[in-house]
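The structure appears below as structure tokens.
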Amino acid sequence: MSKLLKAAQAGTVESSDILISLMPAEAATGIQVELVSPTLQQYGKHIKNLIIETLVFHGIEDVQVYANDKGALDCTIKARVKTALERAGE
Amino acid sequence: MEKLRRSMMFVPGNNPGMLLNAGIYGADTIILDCEDAVAITEKDSARNLVFQAISELNYGTEVAVRINHISTPFGWDDLKRVLPAKPDLIRLPMAQGPEEIRQIDEFISEAEEKNKFPAGSIKMMAAVETPKGLRFAYEIAAASPRMVALAIGAEDFIANLKTTRSKLGRELLAARGQLVLAAREAGIQCIDTVFSDINDEEGFKRELELIKEMGFDGKSVVNPRQVSVVHDFFAPTAKEMDHAERVLAAYQEALEKKSGVISLNGKMIDLPIVARAERTLAYAKAAAGKGGK
Numbered sequence: 001m002s003k004l005l006k007a008a009q010a011g012t013v014e015s016s017d018i019l020i021s022l023m024p025a026e027a028a029t030g031i032q033v034e035l036v037s038p039t040l041q042q043y044g045k046h047i048k049n050l051i052i053e054t055l056v057f058h059g060i061e062d063v064q065v066y067a068n069d070k071g072a073l074d075c076t077i078k079a080r081v082k083t084a085l086e087r088a089g090e
Numbered sequence: 001m002e003k004l005r006r007s008m009m010f011v012p013g014n015n016p017g018m019l020l021n022a023g024i025y026g027a028d029t030i031i032l033d034c035e036d037a038v039a040i041t042e043k044d045s046a047r048n049l050v051f052q053a054i055s056e057l058n059y060g061t062e063v064a065v066r067i068n069h070i071s072t073p074f075g076w077d078d079l080k081r082v083l084p085a086k087p088d089l090i091r092l093p094m095a096q097g098p099e100e101i102r103q104i105d106e107f108i109s110e111a112e113e114k115n116k117f118p119a120g121s122i123k124m125m126a127a128v129e130t131p132k133g134l135r136f137a138y139e140i141a142a143a144s145p146r147m148v149a150l151a152i153g154a155e156d157f158i159a160n161l162k163t164t165r166s167k168l169g170r171e172l173l174a175a176r177g178q179l180v181l182a183a184r185e186a187g188i189q190c191i192d193t194v195f196s197d198i199n200d201e202e203g204f205k206r207e208l209e210l211i212k213e214m215g216f217d218g219k220s221v222v223n224p225r226q227v228s229v230v231h232d233f234f235a236p237t238a239k240e241m242d243h244a245e246r247v248l249a250a251y252q253e254a255l256e257k258k259s260g261v262i263s264l265n266g267k268m269i270d271l272p273i274v275a276r277a278e279r280t281l282a283y284a285k286a287a288a289g290k291g292g293k
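Keeping their order, the protein sequence lines are chains W and C. For the first sequence, position 84 matches number 84 in full-length UniProt numbering, and the numbering has no gaps at all. For the second sequence, position 285 matches number 285 in full-length UniProt numbering, and the numbering has no gaps at all.
Structural data, given as structure tokens:
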């Protein structure tokens, strides 16, 4: 799957969680991440990279991501991205 | 001494905050829950989060996963996703008979082989929550060498009995008794149900006293506050330890003197009493963090 079939979401906006929304994008537009986070200054780049790495790992090339972070650790971010991807591919 | 399972603490599998902190309360086992604590629309989220948590966090204690029953649309998917993270223990709810235990055992064996885990390293336990499950309790307990414990799930059981839960727990007496017998016959541990009224500490202690007397090895808990209360209850008292030490000393002395009859303070000591004293001391040692497996 290099392209999303449909829009999908996973996660919540509760403390320590992250809400990931994925939207299909045109071919060759790449992975675009929009992130809201209370730790944007310190960890924004890390969170964005992790989201992108997880998507690339699952073979995604073009997608629009909106992420609302509430202090999620890496394991939570990966799990939420994966769940959103599975839901998008159903 | 077998692994201590005095407290088995449930942690909702789809709550990142609770999953992150689950290891800090000192529970002997934490149970990451994909079943009742997870909304039906979030089963996929929970199993992904539980997989990632076990893979990346170091809990420093035994980690179990309560899967959904394999007769639901979620049970096999739970197993498929979480087994590659190598949980220590799989807890099956609503166990009804030995066949499902064997099916899961086989599935775990395949996952162990595929992921190059040592064969038999992932253990199992099952919760009995129906009269039918209770009737097959021994068969369930003995269905696989992976089985380390039986547990009772009271809420569903009592609903099935068409009664209600009382302070004295008389409605569960028969089930608890039969479950301990089945677990002991199979040579595995027996874990009591949760006590969900967090604010009723008196009631909680009364229930702990009852289950300890009945022979249970531990209790499922739903709140971290309950963990230390359970551990205190299961720890041998100073008096019990002192007695156990004196029993073993008297036994040793009798062995050296080749004396056939052993007595301590005028009371005869026989082998079951010696075995109990040994268990008391081994338990205290394990509980003091000097071992346990």
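Even for Gly, the Cβ is constructed at its ideal location relative to N, Cα and C.
- Item | Beta-carbon separation (whole angstroms), C:G133 vs C:A182, contact threshold 8 Å | As a first step, residue 133 of chain C must be located in the second sequence, where it is residue number 133. As a first step, residue 182 of chain C must be located in the second sequence, where it is residue number 182. That belief does not hold up - the Cβ atoms of C:G133 and C:A182 are roughly 10 Å apart, past 8 Å.
- Message: Please report the distance separating the alpha-carbon of C:K293 from that of W:L4.
- Response: The count along the second sequence starts at 1 and reaches residue 293 of chain C at position 293. The count along the first sequence starts at 1 and reaches residue 4 of chain W at position 4. Bear in mind that the predicted position of C:K293 carries a pLDDT of just 32, short of 50, making it unreliable; the figure below should be weighed with that in mind. Their backbone Cα atoms lie some 48 Å apart in a straight line.
- Task: Using DSSP bridges, identify the partner residues of C:F10.
- Result: One-based indexing of the second sequence puts residue 10 of chain C at position 10. Answer is C:I31.
- Message: Please tell me whether C:L32 and C:L19 are closer than 9 Å, where the distance is taken between their beta carbons.
- Response: Sequence index remark: in the second sequence, residue 32 of chain C carries index 32 (1-based). Sequence index remark: in the second sequence, residue 19 of chain C carries index 19 (1-based). Contact flag set, yes.
- Message: For C:L208 and C:A119, I'd like the C-alpha separation in whole angstroms.
- Response: For this step, residue 208 of chain C is matched to residue 208 along the second sequence. For this step, residue 119 of chain C is matched to residue 119 along the second sequence. Looking at the two C-alpha atoms, the distance is approximately 36 Å.
- 8 Å contact criterion, which C:L173 and C:C190 should meet: CB distance rounded: What you label residue 173 of chain C is simply residue 173 of the second sequence in a count that begins at 1. What you label residue 190 of chain C is simply residue 190 of the second sequence in a count that begins at 1. Going by Cβ atoms, the distance from C:L173 to C:C190 rounds to 14 Å, so no, they are not a contact pair.
- Query: Can you name, in chain order, every residue of its own chain whose Cβ lies under 6 Å from the Cβ of C:K290, other than the five neighbours on each side?
  - Reply: For the purposes of this step, residue 290 of chain C is taken as the residue at position 290 of the second sequence. Because the pLDDT at C:K290 is just 36, under 50, the model does not fix this residue reliably, and the value given afterwards should be weighed accordingly. Nothing meets the Cβ criterion.
- On the three-state DSSP scale, how would you describe C:G133? The sequence position of residue 133 of chain C within the second sequence is 133, counting from 1. Helix, per DSSP.
- Query: List, in order along the chain, the chain W residues whose C-beta lies closer than 9 Å to that of C:E56?
  - Reply: As a position in the second sequence, residue 56 of chain C is number 56, starting the count at 1. Near C:E56 (Cβ distances below 9 Å), the residues of chain W are L73, D74, C75 and K78.
- Where C:A151 and C:D192 are concerned, what is the direct C-alpha to C-alpha distance, given to the nearest angstrom? Residue 151 of chain C sits at position 151 when you count from the first residue of the second sequence. Residue 192 of chain C sits at position 192 when you count from the first residue of the second sequence. Looking at the two C-alpha atoms, the distance is approximately 6 Å.
- Query: Using a beta-carbon distance below 9 Å, is C:L49 in contact with chain W?
  - Reply: Working through the second sequence from its first residue, we reach residue 49 of chain C at position 49. Chain W contact via Cβ: present.
- Using the beta-carbon count (16 or more within 10 Å), is C:L168 buried or exposed? In the second sequence, the residue the question calls residue 168 of chain C occupies position 168. Per the 10 Å Cβ criterion, exposed.
- Task: Could you tell me if C:I40 is buried or exposed, where buried requires 16 or more neighbouring beta carbons within 10 angstroms of its beta carbon?
- Result: On the second sequence, position 40 is the one that residue 40 of chain C refers to. Looking at its Cβ environment, which holds fewer than 16 other Cβ atoms inside 10 Å, C:I40 is exposed.
- Task: Report yes or no: is there a C-beta of chain W within less than 9 Å of the C-beta of C:P16?
- Result: As a working note, residue 16 of chain C is residue 16 in the second sequence. Interface residue, yes.
- Item | Assumed close pair C:V38, C:P12 - CB separation to whole angstroms, cut-off 8 Å | Within the second sequence, numbered from 1, the residue matching residue 38 of chain C stands at position 38. Within the second sequence, numbered from 1, the residue matching residue 12 of chain C stands at position 12. Correct: roughly 7 Å between the Cβ atoms.
- Task: For the beta strand (DSSP E) holding C:L89, just list the boundary residues, first then last.
- Result: Within the second sequence, residue 89 of chain C is the residue found at index 89, counting from 1. Taken as a continuous stretch (DSSP letters only), the beta strand (DSSP E) holding C:L89 covers L89 to L92.
- Query: Which class does C:A283 belong to by DSSP, given the choice of helix, strand or coil?
  - Reply: For the purposes of this step, residue 283 of chain C is taken as the residue at position 283 of the second sequence. The sequence shown places Tyr at residue 283 of chain C, not Ala. DSSP places C:Y283 in helix when its eight states are reduced to three.
- Straight-line CA distance for C:I108 to C:Q252? As a working mapping, residue 108 of chain C is identified with position 108 in the second sequence. As a working mapping, residue 252 of chain C is identified with position 252 in the second sequence. C:I108 and C:Q252: Cα-Cα distance of roughly 45 Å.
- Quick one: using the 10 Å Cβ neighbour count with 16 as the cut-off for buried, is C:K219 buried or exposed? By one-based count along the second sequence, residue 219 of chain C stands at place 219. It is buried - the Cβ of C:K219 has at least 16 other Cβ atoms within 10 Å.
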